[in-house]
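Numbering (my numbering), first residue to last: 28 to 107.
Inspection log for the structure reproduced underneath, given as structure tokens.
What follows is the structure, given as structure tokens:
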């Protein structure tokens, strides 16, 4: 996954998947399950996109109320 469109597509998939994980798993297992699903993206993202991906993933988790963050309850921005 090296191009920005590929990265954005995977981030969108993860964003859609997160509410399903929250609904299906006990709260203490959601972060680990999400980390497993995001693993391939984190492992393959080029360095120039790493901060972008990390920011988007953190935003998703904060918006879902799974981690503290300024964006809690707000939708994550997409793209630039």
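Every residue gets a Cβ at the ideal spot worked out from N, C-alpha and C, and that includes glycine.
* To do: Could you check how far apart the C-beta atoms of residue 80 and residue 69 are, in whole angstroms? I think they sit under 8 angstroms.
  => That pair is a contact at about 7 angstroms.
* Does the beta-carbon distance from residue 65 to residue 48 come in below 8 angstroms? -> No.
* Span of the alpha helix (DSSP H) around residue 66 -> Bounds of the alpha helix (DSSP H) holding residue 66 are 54-71.
* **Neighbour-count burial assignment, residue 83, 16 or more Cβ in a 10 Å radius** => Answer is buried; the Cβ neighbour count reaches 16.
* Asked: Count the other CB atoms within 10 Å of the CB of residue 91; is the residue buried (16 or more) or exposed (fewer)?
  -> Classification of residue 91: buried, given that the 10 Å Cβ count is 16 or more.
* Under the three-state DSSP convention, the category residue 81 falls into -> Three-state DSSP puts residue 81 in a helix.
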